[in-house]
Structures are given as structure tokens and as C-alpha cells.
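Asks: If you scroll down you'll find the structure; I have some questions about it.
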Amino acid sequence: MFKSRYKEAYNTIRPSKELISDVIRQARIEKSHDRKKIKKNRFVHKIALIAAAVVVCFVIAVPVCAAHIPAFYKIVEFLSPALADQLIPIEKSCTSQGITMQVEAIHLVGDQADIILSLQDAEDSGQDLVHGVMDLYDSYGLSDYTNDSVIGGCHFLTYDVVEDKAYFQVTVQAEKAYQADKLQFRVRSVLCNKYKETKDVDLSGVAYTADTKWVELNGSGGILPEKELPDSMKGDFGTAEDPLPRTKVLDELKVADCAADDFTVTGIAYMDGVLRVQMCMGDNWRSDRHVELFLRDSDGNERYSDRSVSWYEEVGDTSYDFYEFWYIEDIAQIEDYSMYGIFHDSGELIEGDWTVTFRVGD
Amino acid sequence: MKAINRKLVEKNLLSESLGEGEPKLDLSGSSYEEVIWKNSEMVYRLAYSLVRTRADADDIYQEVFLRYIQKEPIFESAEHERAWFLRVTINCSKNFWKSPWLQRKVVMEMEDIEEAAAKNIEGKTELAYGMYAETSALIDTVKQLPNKYRVVIHLFYYEELSVEEIAKITGAKESTVRTRLTRARRQLRTLLNKNQEWIRERI
């Protein structure tokens, strides 16, 4: 288990006995009311530290200055050395909705501009919105007194785990040449938590008998029309009083056991010649998760589901989205098959007002 | 092991405290020393999990207990005491992360782990060396996670705190803690390469 491995690894990490001795000694001095002595010692230490710091500053100032290259520069230099050489640092920021946007640098020529910007969770915001791929949701623009960007493109560069920052390159073009003495860059919304991951779905636990339940569908589709489905899979089209179509889906895992912020496989069964894979997408009011599931046979042939249905279930204020994928397949041995999914999490849309005013060439 | 170490240090401290100019103290009656002893390893491990090097962990460890000595908090219960030390350790680590000099320091010192592990495997078999390699690989990988994820991973897996307790200590919402755990696990799976399949499968 990961927990036991992690514990085992950290059990070897202990403070040295010298370190404990130092702390205990400090505690004793404090507690024995020898504060005068400790203050004096600290004063002497401070003087010594200041002296040492001055010497160290002189010795290392030049190499340290040379080594201070902004992170964005290294990233852009790696991706586009030509652009990196032309960037002018701006490093001005603003915070909205607990996210700090910083305009790191710009390359401005006439009516075109390349802007490098970063997003980061504001310090002590207590939230975790910036941690990977993000999107500016086409909500950015660069303007001066009279001129505004008319077309543009945004390119996610990278997420720097050390700085905990997401970097973007925005390219914009306006109708007239920009005036460099007062520019304003703005973003109105960001899409957080965007990611795509390919993972295997374990078919070994497939059930051959399973409970089912009626649900009202909010969507259905696939390459196989409903009328061509086996009779056991056909739903009904609703009534005048209750016009939503209904169908029977697996009733395995309770909705309360599903993750609100992740994918959960809630049932896999093979019954009446149909492989059913049911998945909960979590709370989709706050994101847009979806998955593409592929069934692979023993010859390596892969295919998408014949049909899928979707519905939602509510627990308190949270609405959970469910999908069930149906594969009509003559399966003799489930061991001959495997499944994988491409899981898309388009994230959470955060609307705010990130505006930075700057001048190029300050 | 813990008891042996403690005895060793106590013995050293007693002999040192008898030296000239050192205050003479009675170990048995000093409750604050008991508190330091009791929380030493927990504080150090959390500090080490949150920073890159043993030297940085040493600094945080000292800072935490200096704050304890100066503030003299009164603990209502063992849980309160534990939560106080965990929270202060995280806060001290945050101050550490803010330092622009340290923010750029991304290379971790593996020598400490290697040294510690070498002591453990000295004279033992290849199997032991393999276990050491796995252990240091795990620590190395977890340290590649952003700070906010390392906090929750350590508190959840090592300290075995509940999501609710982690939320209280870190000041984050419970949903945020859950999300961080999910994402930390996901990032760990990505970071752990094929050679570390044995861990990846178990996260």
C-alpha cells in the first residue's frame, strides 16, 4: 500500500540529536530567566550575521545577479528563443477571485503584440485553482487609448510546479499601431483544472447479473439508433405528464459514494449481450467532464460505444452527472477484452476582472 | 528506536548541562521539554516533507520550537497540541517558500536520504538496497509535487489525519482538501514512471 510505503520512507527521517540538543538548550536558557544573556547573545549573533552577510554579498553579488533570470524567460527561451530575445519585462500584476494575474513581458511591434502572462493562486486565498493546464476562455484583450485588439490567440505554455504558476502566451492584433505609453491588458474569465488523461478501465470485476433502475434521461446518442437496440435495452419515450424519455441503467454504486470533483466508475456489467459501463462525472454545474471510452478486443481492434445515455442525480445542492456506455458485443471471455478511456476535465470557469495597466519601455 | 535515541540525547544533554556556564536543570520536571520530545519527530518529518533539504528542515524545526518556547501556548488536549505544532510547522514552511532565494532552489539534496539509508542497509543484502532505492525514489517523487499537495499528502498518509482535520489545520475548505488529495494522487501517478510501478499501482 502507498500509505505503508510512504510511512516507511519517512520513518527514516528524524531530527539529529545535535538539533534536538540545541533546541532543548535554547528552551532551558529561556526558561531559566536568563533572557538578558540570550538577548546579548542574539545581539552578538546579529552583529556577526550582519558582518558575514555584508561579506557574502560582496563575494556573491555578481554571480547571483547574473543567475536571476525570471522563470518566464527560461520557459519562452526554451519554446521560442527568437521571441525570448525580444521580450520586454513588465512584471505587473493584479488579483481577482483569489487568482493573481501577472503580465510578465511583452513584445510589441506596430499593431501586433505577444504578451507573456502568468496566473497563480493568490497568497493565503485558501483555494487551489491554479495547478495545471488552464485556458483564458477567449476573454483577453490589449488596448491603448483608442485602439483595441481585434483578433488574437492564446497558447498555454506550461505550469511551473516550483513556482505554482501557469504561463500563457497571448498574441493580439489591433486595427492601428499600439501606443506604447499606456497599454491595458485584461482578462475576464479563466478556465481552471483543465486536463486530459488516458487511463485503463478495469474490466476484471464485471458483473453478469446486476440490479437496474429507471432514470429519466437528459441525453442519449451513438452510432446505433434506439430502434436497433436489443429489446432489453429499449426505454420508453415518456408520457404527456412526464415527457422525458426513460431507460433502465445499472443500479450499483450509490450516488453519495461518488466524487463530486472527479470521475467515478459506478458499475460494469455484461448482460444480454451488452457490456454496460456506467460512470459518474461528478458535479457538472462547476465543470465539464466527459470521457471517451474504447473497448479493445483480443486482436487489438478498438471501438467506441454503440450507444450512450446520460442523466443526473441530486444530493443536496450537488447535481451529479452520469453516463452509461453500451457496447453490443458477443463476449465469450471478458479476459479477451480491455478498455481504456480518455478523460477530459474542462475545469471550472472563474469570472473576474484582471486588468493590468503598463507602459512599454519604463 | 525512538527510546534509544532519546536516551542517548538525554545522556548527552545531562553531561553538557553540567558544563561551566550552562544552566543546571532538572529534566524530569520540565513539561516543556516533554512537549518538545513528544513532537520532535512529527514536526521534523512534516518540515522535511515541505522543503527540499535537510538543512531547510533543521531551520524550520528550530523556528517552530522557538515559537513554542516564546509563545507558551496552553494546550487543552493532546489533539490541540498536535494540531498546534502541525499548523505552526506549515506556517513556518510558508515563510520559507516566500523567500525569493529559496523559491529558485529546486534541486533536492538526496545525500541526506542516501546517508540515512546507507546506515540502515550497511552490511545487508541487495534486497535491502532495492528497498532503499524504492524509498528514496518515493520521497524524491513526492517532493516534486507543489507545496500545497505535499502538505495534504503528508498529513493524510503519514499523520493519518482526516480530511476534516487537515482542513482545520491548513485553513482550507474540506472540499479543497479533497480536491488536493485527488490531484496529488493523480500527479503522483503521472510522476511515478514505469520503474516505480509497484508504488503507482497502490496510490
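These protein sequence lines map, in sequence, to chains A and B. Each residue of the first sequence is one higher than the one before, starting from 183 at the first, in the working numbering. Each residue of the second sequence is one higher than the one before, starting from 7 at the first, in the working numbering. The beta-carbon is built from N, C-alpha and C at its ideal position, and this holds for glycine as well.
At the level of alpha carbons, what is the spacing between A190(B) and A362(A)?
Replies: As a first step, residue 190(B) is located in the second sequence; it is residue number 184 there, counting from the start. As a first step, residue 362(A) is located in the first sequence; it is residue number 180 there, counting from the start. If you take the alpha carbons of A190(B) and A362(A), they lie about 43 Å apart.
Asks: Flag this pair as touching only if the segment 288-300 of chain A and the segment 381-394 of chain A have three or more C-beta atom pairs under 8 Å; answer yes or no.
Replies: No: fewer than three Cβ pairs fall under 8 Å.
Asks: Look up L475(A) in the DSSP assignment and give the residues it is bridged to.
Replies: Translated into the one-based positions of the first sequence, residue 475(A) becomes position 293. According to DSSP, L475(A) bridges with G523(A).
Asks: Leaving aside the five residues before and after A359(A) along the sequence, list all residues of the same chain whose C-beta is less than 7 Å from its C-beta, in chain order.
Replies: Along the first sequence, one-based indexing puts residue 359(A) at 177. Excluding residues within five positions, the ones whose Cβ falls inside 7 Å are G292, D293.
Asks: Kindly indicate the opening and closing residues of the beta strand (DSSP E) around S371(A).
Replies: Here residue 371(A) is taken as the residue at index 189 of the first sequence, counted from 1. 365-374 is the span of the beta strand (DSSP E), which, as asked, contains S371(A).
Asks: Determine contact between the segment 274-281 of chain A and the segment 524-542 of chain A, defined as no fewer than three beta-carbon pairs at a distance below 8 Å.
Replies: Yes, the segment 274-281 of chain A touches the segment 524-542 of chain A.
Asks: Buried or exposed, going by whether 16 or more other CB atoms sit within 10 Å of the CB of T182(B)?
Replies: If you number the second sequence from 1, residue 182(B) lands on position 176. Buried is the call here.
Asks: Just verifying my parser: in three-state terms, what is the DSSP assignment at R184(B)?
Replies: Taking the second sequence and counting its residues from 1, the one referred to as residue 184(B) is at position 178. Helix.
Asks: Using 8 Å as the Cβ pair cut-off and three pairs as the minimum, do the segment 347-359 of chain A and the segment 495-514 of chain A touch?
Replies: Verdict: no, contact absent.
Asks: Give me the Cα-Cα distance between R489(A) and P407(A), rounded to the nearest whole angstrom.
Replies: As a working mapping, residue 489(A) is identified with position 307 in the first sequence. As a working mapping, residue 407(A) is identified with position 225 in the first sequence. The straight-line gap from Cα to Cα measures roughly 8 Å.
Asks: Identify whether I42(B) lies in helix, strand or coil by the three-state DSSP scheme.
Replies: On the second sequence, residue 42(B) is found 36 positions in, with the first residue counted as 1. It is helical.
Asks: Would you list the one or two residues that DSSP bridges to P271(A)?
Replies: For the purposes of this step, residue 271(A) is taken as the residue at position 89 of the first sequence. DSSP lists A287(A) as partners of P271(A).
Asks: What residues from chain A crowd round P79(B), counting only those whose CB sits closer than 9 Å?
Replies: Translated into the one-based positions of the second sequence, residue 79(B) becomes position 73. In chain order: nothing, as chain A lies at least about 14 Å away.
Asks: Since S55(B) contacts Y192(A) with CB under 8 Å, what's their CB separation in whole angstroms?
Replies: To locate residue 55(B), count along the second sequence from 1; it is residue 49. To locate residue 192(A), count along the first sequence from 1; it is residue 10. Going by Cβ atoms, the distance from S55(B) to Y192(A) rounds to 7 Å, so yes, they are a contact pair.
Asks: Measure from the C-beta of F184(A) to each C-beta in chain B and report whether the shortest distance is under 8 Å.
Replies: Mapped onto the first sequence, residue 184(A) falls at position 2. Yes, F184(A) lies at the interface with chain B (some Cβ there is under 8 Å from its Cβ).
Asks: Output, in chain order, the set of chain B residues within a Cβ distance shorter than 9 Å of G308(A).
Replies: Along the first sequence, read from residue 1 onward, the residue named residue 308(A) stands at position 126. Correct list: T176, G177, A178, K179, T182.
Asks: Report buried or exposed for G464(A), applying the criterion of at least 16 other Cβ atoms within 10 angstroms of its Cβ.
Replies: Position 282 of the first sequence, counted from the start, is the residue given in the question as residue 464(A). So G464(A) counts as buried.
Asks: By the three-class DSSP mapping on this structure, what secondary structure does E379(A) have?
Replies: Walking along the first sequence from the start, residue 379(A) turns up at place 197. Correct three-state label for E379(A): strand.
Asks: Is there a Cβ of chain B sitting closer than 8 Å to that of H526(A), yes or no?
Replies: In the first sequence, the residue the question calls residue 526(A) occupies position 344. No, its Cβ sits nowhere closer than 8 Å to a Cβ of chain B.
Asks: Mapping DSSP to helix, strand and coil, what is R458(A)?
Replies: As a first step, residue 458(A) is located in the first sequence; it is residue number 276 there, counting from the start. Of the three classes helix, strand and coil, the one that applies to R458(A) here is strand, per DSSP.
Asks: Does chain A have any CB closer than 8 Å to the CB of I75(B)?
Replies: Residue numbering aside, residue 75(B) sits at position 69 when the second sequence is read from its first letter. Taking Cβ atoms only, chain A reaches closer than 8 Å to I75(B), which makes this a yes.
Asks: Using beta carbons (cut-off 8 Å, strictly below), is E212(A) in contact with chain B?
Replies: Walking along the first sequence from the start, residue 212(A) turns up at place 30. Closer than 8 Å: yes.
Asks: Between which two residues does the beta strand (DSSP E) holding F504(A) run?
Replies: Along the first sequence, read from residue 1 onward, the residue named residue 504(A) stands at position 322. Where F504(A) is concerned, the enclosing beta strand (DSSP E) stretches over 500-510.
Asks: My understanding is that Y349(A) touches S300(A), with C-beta atoms under 8 Å, so please give their C-beta distance in whole angstroms.
Replies: Position 167 of the first sequence, counted from the first residue, corresponds to residue 349(A). Position 118 of the first sequence, counted from the first residue, corresponds to residue 300(A). Yes, they are in contact, since the Cβ atoms of Y349(A) and S300(A) sit about 5 Å apart, within 8 Å.
Asks: Return no unless some Cβ of chain B is closer than 8 Å to the Cβ of S278(A).
Replies: Counted from its first residue, the first sequence places residue 278(A) at position 96. Taking Cβ atoms only, chain B never reaches closer than 8 Å to S278(A), which makes this a no.
Asks: Are the beta-carbon atoms belonging to D433(A) and K409(A) less than 8 Å from one another?
Replies: Counting from 1 along the first sequence, the entry for residue 433(A) is found at position 251. Counting from 1 along the first sequence, the entry for residue 409(A) is found at position 227. Taking 8 Å as the Cβ cut-off, D433(A) and K409(A) do not qualify as a contacting pair.
Asks: Just grab the DSSP bridge partners of Y322(A) for me.
Replies: Along the first sequence, read from residue 1 onward, the residue named residue 322(A) stands at position 140. Y322(A) is bridged to V369(A).
Asks: Between which residues of its own chain and Y50(B) is the CB-CB distance below 7 Å, once the five residues before and five after are set aside?
Replies: Mapped onto the second sequence, residue 50(B) falls at position 44. For Y50(B), where only same-chain residues beyond five positions count, the Cβ hits under 7 Å are A63, Y67.
Asks: Does Q68(B) come out as helix, strand or coil in the three-state DSSP assignment?
Replies: Within the second sequence, numbered from 1, the residue matching residue 68(B) stands at position 62. The answer is helix: DSSP assigns Q68(B) an H, G or I state.
Asks: Anyone know if the C-beta pair for V315(A) and D303(A) falls short of 8 Å?
Replies: Numbered from 1 along the first sequence, position 133 holds the residue referred to as residue 315(A). Numbered from 1 along the first sequence, position 121 holds the residue referred to as residue 303(A). Not a contact, by the Cβ cut-off of 8 Å.
Asks: Give me the Cα-Cα distance between A61(B) and K44(B), rounded to the nearest whole angstrom.
Replies: Locating residue 61(B) in the second sequence gives position 55, where the first residue counts as 1. Locating residue 44(B) in the second sequence gives position 38, where the first residue counts as 1. Computed Cα separation, rounded: 21 Å.
Asks: For the beta strand (DSSP E) containing V352(A), list its first residue and its last residue.
Replies: As a working note, residue 352(A) is residue 170 in the first sequence. It spans 347-356 - the beta strand (DSSP E) in which V352(A) sits, taken as one unbroken run.
Asks: Three-state secondary structure (DSSP) at L172(B)?
Replies: Your numbering for residue 172(B) matches position 166 in the second sequence. For clarity, residue 172(B) is Ile in the given sequence; the question names Leu instead. Three-state DSSP puts I172(B) in a helix.
Asks: Excluding five sequence neighbours on each side, which residues of the same chain lie with their C-beta closer than 8 Å to the C-beta of I96(B)?
Replies: Along the second sequence, one-based indexing puts residue 96(B) at 90. Closer than 8 Å at Cβ, skipping near neighbours: L52, L56, V157, I175, T176.
Asks: So K154(B) contacts chain A; which residues on that side make the cut at Cβ distance below 7 Å?
Replies: The residue labelled residue 154(B) in the question sits at position 148 within the second sequence. Neighbours of K154(B) on chain A, chain order: D310.
Asks: Helix or strand or just coil, what does DSSP make of M316(A)?
Replies: If you number the first sequence from 1, residue 316(A) lands on position 134. Coil at M316(A), not helix or strand.
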